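So the protein sequences, as listed, match chains G and H. Take the first sequence: its position 100, counted from the start at 1, is 99 in numbering that gives the first Met the number 0, and no numbers get skipped. Take the second sequence: its position 394, counted from the start at 1, is 393 in numbering that gives the first Met the number 0, and no numbers get skipped. Idealized CB from N, CA, C, for every residue including glycine. The structure displayed is predicted, hence computed values, not measured ones.
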Amino acid sequence: MPEDALFAEVLDPGNRADPYPIYARLRRTPVARQRDGAYVVSTHAAIRSLLFDPRLSSEDLPPSRRPRTGNPLKDWLLNPIRNRVANAHRPLIFRDPPEHDTLRGFVMSEFTIARVNGLHGRVAALVDGLIEACRGRDTVCLVDDLSYPLPVAVICDLLGVPEQDEPQFHAWATRLATALEPDARRDEEARRETVATFDAIADYMRALIRRKRRQPGDDMLSGLARRDRPGMGEVDLIATAVLLLVAGHETTVNLITNGMLTLLRHPDELGRLRADPERAPQVIEELLRYEPPVHFRTRKALGDIAVAGTTIPKGAPIVLLFAAGNRDPERFPEPDRFDPDRTDIQHFGFGGGLHYCVGAPLARIEAEIALVALCRRLRDPRLLADPPPYRPGASLRGPENLGIRIGGIL
Amino acid sequence: MSGRAGIVIVGASLAGLRGAEALRRGGYEGPLTLVGDEPYRPYDRPPLSKHVLAGELAADATALPQLLPLRARWRLGSPATGLDRNAKIVRLADGSSLAYDTLLVATGARARRWPGEAEFAGIFTIRGRDEAADLRAALARDPRSVLIVGGGLIGCEAASCCRDLGLPVTLVDPNPTPLARALGTLVGGTLAARMRAAGVDLRPGTQVRALEGEAGQVCRARLADGGSIAADLVIVALGAVRDTGWLSEGGLAADAGGLTCDGACRALTRMGVPDPNIFAAGDVARWPNPLYGGRLIAVEHWGNAVEQAAHAARNMLNPADPQPYAHLPAFWSSQFGLNIKMVGLADGADSVAIVQGSRAAGRFLAVYGREGRTIAAVSFDEARWLPAYAERIAAGAAFPPIHDATDQPAIETRPPGFPPPRPFPASRGRVPEAAHA
């Protein structure tokens with residue numbers, strides 16, 4: 000396989016179960032130009048350097064493609080305005096400073112540590128209930144039974160989305176999450192479908208925000224919808240709420256499922272976590288390195304950027320291959336070994352730099368509680384299929400479902 | 000290192016502790032003694048001028064975590080008073096003496112005091128735990144008005160705390176803006192505006208000539224410009240004096256500006272020769288920094304104490320292979336709701352440019368250049384990009400170092416506005432003007 004086609008291999012669903020050998024080949028060229036002009040960055044040092052490089056832009060979506068008016072002067076006047084309007088539809092993960100910083104500041108002011116820590120009991124109760132519901136069965140379908148419903152219930156709770164509306168979100172969120180995959184953006188039909196989904200979810204959010212403003216609760220959306228938020232217009236607010244909902248749906252699912260898959264592949268580690276739940280934080284950190292929920296994110300070069308011996312030209316798309324950096328032998332000894340006892344573990348499981356995951360503390364809490372409970376309460380768990388079937392996404396990568404045969408619930 | 004006396008570390012603060020830990024981590028198994036002038040185990044100083052003054056944290060709740068078992072003898076509350084290099088002995092205030100095979104000097108610095116301070120109650124400095132506790136207690140007694148003498152980091156942080164406590168604050172500094180020596184007056188002007196908006200009565204460009212009292216209590220300051228300021232609580236924040244008095248007879252190149260070392264953290268004698276058995280780290284150490292053209296620099300910041308102590312320990316354990324210590328100075332400060340972070344040394348800069356954000360928005364990153372090279376960067380509520388600039392400062396990149404950044408204004412290079420260089424550091428007991436100047 001030629002080097003400039005390796006990323007196409009990463010995107011190939013046939014390699015979803017084990018992309019790591021391709022990552023190892025990519026790392027031989029830390030910054031590898033692909034045939035389509037994108038630059039794939041795969042070593043820990045190069046990713047780290049770029050995460051802190053202010054010349055990387057996250058506004059990597061094309062500018063608005065509305066038909067021209069036919070009048071050059073009018074186009075010249077109108078296009079910047081249209082682009083600004085289109086920009087406001089982008090959630091903050093696709094925005095640059097200073098707007099990004101303003102929006103993120105508002106989110107952080109609501110996503111407080113106190114609020115997240117306050118969810119401990121709720122998460123534990125949800126996990127208990129979901130496991131209890133499996134009693135009497137000899138198999139657990141982990142995604143359907145726990146990994147998916149848990150984070151969904153938590154994020155809906157946190158945002159203040161009524162429980163009965165949740166099923167409606169399932170399809171929307173899945174649709175919008177696939178829009179994060181690079182292929183989806185090039186496909187015109189997929190793009191149209193994404194736009195339609197966004198319109199539907201935006202309409203729902205607009206109505207919900209109106210209700211929150213009339214009758215504010217102590218949820219995050221009520222807080223975000225307060226009117227003293229200069230720099231966050233109505234459209235920004237909707238985009239932010241949708242982002243939180245989608246991010247809460249799609250990433251923690253993978254963390255929990257990948258986590259259980261990894262533990263079932265390392266039964267000694269599963270046993271140690273069962274015997275000593277205090278190990279959970281170490282286990283989660285190593286999971287975020289070893290099987291991260293998000294494998295890569297894309298950026299755009301605002302100028303020529305020299306990194307690791309290659310100059311990325313201005314305007315080029317950049318793929319930060321976090322999951323490859325997490326397995327870089329230059330950074331981590333024996334990177335392909337799952338070892339929760341590592342002491343030096345600066346992974347990219349939550350990205351890094353400007354766009355570092357806002358929900359990291361929440362994801363950690365959910366994964367810790369879920370994995371400890373699964374290890375302690377599932378009797379004799381064994382994988383039904385290894386590897387399990389994977390969802391199509393190469394970036395938000397995780398099993399479609401994870402069949403586990405059990406000897407009962409403890 | 001095989002001698003029976005072992006290693007003695009004089010100074011039981013951050014550098015001393017981290018040095019001791021690095022020695023043990025590096026495999027040193029011999030005797031280890033830490034000498035400290037205060038009766039306390041090592042504690043963290045940054046919170047003293049912030050959370051402790053604000054009353055959010057007790058001064059005695061600042062103990063530094065010990066990262067591994069040290070198996071050390073602690074000689075606390077008994078400062079070192081002398082050094083005999085021939086006999087390889089450190090003398091202590093309690094009359095005893097300690098033999099060493101290898102010595103690490105980590106005595107740091109002490110707050111520069113107001114001459115005649117003992118005359119009046121109500122005059123404070125901030126450096127140690129006890130000083131911070133005393134000042135906190137006085138602030139909690141609702142003084143009528145606070146005067147801060149000196150607009151450096153400590154003075155500004157103290158001013159911020161006092162305003163948070165709702166106390167009237169006047170700050171007097173001889174320079175045109177606060178933090179002028181660290182940041183220049185262009186960037187310092189932004190902070191000045193912020194301080195004024197927070198209600199600080201800022202008096203730049205003048206000095207306190209004398210402090211006056213009534214019935215043993217300070218009540219007024221006379222200024223050099225002829226004015227006077229009523230104040231029943233005065234915080235003297237005129238910087239620090241390196242704690243080298245105990246080295247005066249030892250034949251080492253030490254004065255109030257620090258103990259001069261070679262590039263490998265080894266102390267130099269007055270003849271300019273390194274003593275192979277004496278190392279120094281932290282605020283007290285002045286060494287030729289290769290990142291700044293070998294200029295002799297002493298760095299009074301947290302990160303340097305940690306890094307230099309570890310480096311000195313490494314060289315102590317590998318005397319045949321001394322490695323040069325290159326350190327990019329860095330500090331952070333929180334004040335007036337701002338997070339200020341700096342990398343590099345800006346003094347000596349001939350230009351400054353805002354490269355991201357804007358001063359109007361109150362969130363920006365400024366870089367400093369000298370002769371076409373980038374030498375420092377400071378961020379106001381914009382610290383995330385600082386590592387990218389630190390990398391380029393260490394590499395001596397051209398100024399300005401990064402083009403095409405997000406949120407980058409049209410780059411405009413301006414004079415940074417540094418006050419004229421300070422004369423040789425004043426020693427204790429000099430007139431306050433010299434301390435200011």
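*Identify whether residue 273/H lies in helix, strand or coil by the three-state DSSP scheme.*
strand
_I'd like to know whether the C-beta atoms of residue 135/H and residue 170/H end up nearer to each other than 8 Å._
no
_Given residue 14/H as reference, the closest of 278/H, 361/H, 346/H and 137/H once Cα atoms are compared_ = 278/H
*Considering only residues of the same chain and omitting the five flanking positions on each side of residue 251/G, which have a CB-CB separation below 6 Å?*
150, 362 and 365
*Should residue 295/G and residue 394/G be called a contact, given that it needs their Cβ atoms to be closer than 8 Å?*
yes
*Does the pairing of the region 123 to 132 of chain H with the region 101 to 111 of chain H give three or more beta-carbon distances under 8 Å?*
yes
_Please tell me whether residue 20/G has its Cβ less than 8 Å away from any Cβ of chain H._
no
*Hey, residue 65/H and residue 33/H: beta-carbon distance below 8 Å or not?*
no
*With C-beta atoms as the reference, is residue 329/H less than 8 Å away from residue 302/H?*
yes
*Taking residue 51/G as the query, report the chain H residues whose CB atoms sit under 7 Å from its CB, ordered along the chain.*
384, 386 and 387
*Check residue 338/H in the structure and name its three-state DSSP category.*
strand
*Quick one: which chain G residues come within Cβ less than 8 Å of residue 362/H?*
97 and 100
_the region 338 to 345 of chain G / the region 91 to 107 of chain G touching (three or more Cβ pairs under 8 Å)_ = no
*Taking the alpha helix (DSSP H) that residue 338/G falls in, what are its first and last residues?*
Neither: residue 338/G is in no alpha helix (DSSP H) and is coded neither H nor E.
*Name, going along the chain, the residues of the region 307 to 321 of chain G whose beta-carbon falls closer than 9 Å to a beta-carbon of chain H.*
313
*Would you verify that the beta carbon of residue 232/G is, or is not, closer than 8 Å to some beta carbon of chain H?*
no
_For residue 401/H and residue 291/G, the rounded distance between their alpha carbons_ = 32 Å
*asked:* Comparing C-alpha positions only, which one of 376/H, 362/H and 251/H sits nearest to residue 327/H?
replied: 376/H
*Rounded Cβ spacing between residue 173/H and residue 187/H (contact assumed at less than 8 Å)*: Not confirmed; about 13 Å, so no contact.
_Contacts that residue 355/H makes with chain G (C-beta to C-beta distance below 8 Å)_ = 53 and 96
*Between residue 230/H and residue 213/H, what straight-line distance do the alpha-carbon atoms span, to the nearest angstrom?*
11 Å
*Return the residue from the list 236/G, 329/G and 324/G that minimises the CA-CA distance to residue 349/G.*
324/G
*Unbroken beta strand (DSSP E) run spanning residue 48/H, endpoints*: Premise fails: residue 48/H is in no beta strand (DSSP E) and is neither H nor E.
*asked:* Taking the straight line between their C-alpha atoms, what separation do you get for residue 336/H and residue 54/H?
replied: 17 Å
*Under a Cβ-count criterion, where at least 16 other Cβ atoms within 10 Å of its own Cβ denotes burial, should residue 11/G be classed as buried or exposed?*
exposed
*What residue does the beta strand (DSSP E) around residue 228/H start on, and which one ends it?*
227 to 229
*Between residue 109/G and residue 219/G, is the Cβ-Cβ spacing less than 8 Å?*
yes
*Return the Cβ separation of residue 399/H and residue 345/H in integer angstroms, given the expectation that the two are a contact with Cβ distance under 8 Å.*
With 8 Å as the limit, residue 399/H and residue 345/H do not qualify as a contact, their Cβ atoms being about 14 Å apart.
*Take the Cβ of residue 314/H as the centre, count every other Cβ of all protein chains shown within 10 Å, and call the residue buried at 16 or more, exposed below.*
buried
*Hey, how far is the Cα of residue 382/G from the Cα of residue 36/G?*
41 Å
*Whose C-beta lies closer than 7 Å to the C-beta of residue 8/G among residues of the same chain, with five residues either side of it excluded?*
0, 14 and 21
*asked:* I want to verify the contact list: residues of chain H whose CB lies under 9 Å from the CB of residue 302/G, in sequence order.
replied: 401, 402, 403 and 404
*Expressed to the nearest angstrom, what Euclidean distance is found between the alpha-carbon atoms of residue 268/H and residue 245/H?*
15 Å
*For residue 56/G and chain H, any beta-carbon pair shorter than 8 Å?*
yes
*Take residue 340/H and list the residues in its own chain whose beta-carbon comes closer than 6 Å to its own, dropping the five residues that flank it on each side.*
331, 378, 382 and 385
*Within its chain, find whatever has a CB closer than 6 Å to the CB of residue 22/H; leave out the 5 residues flanking it on each side and keep chain order.*
312
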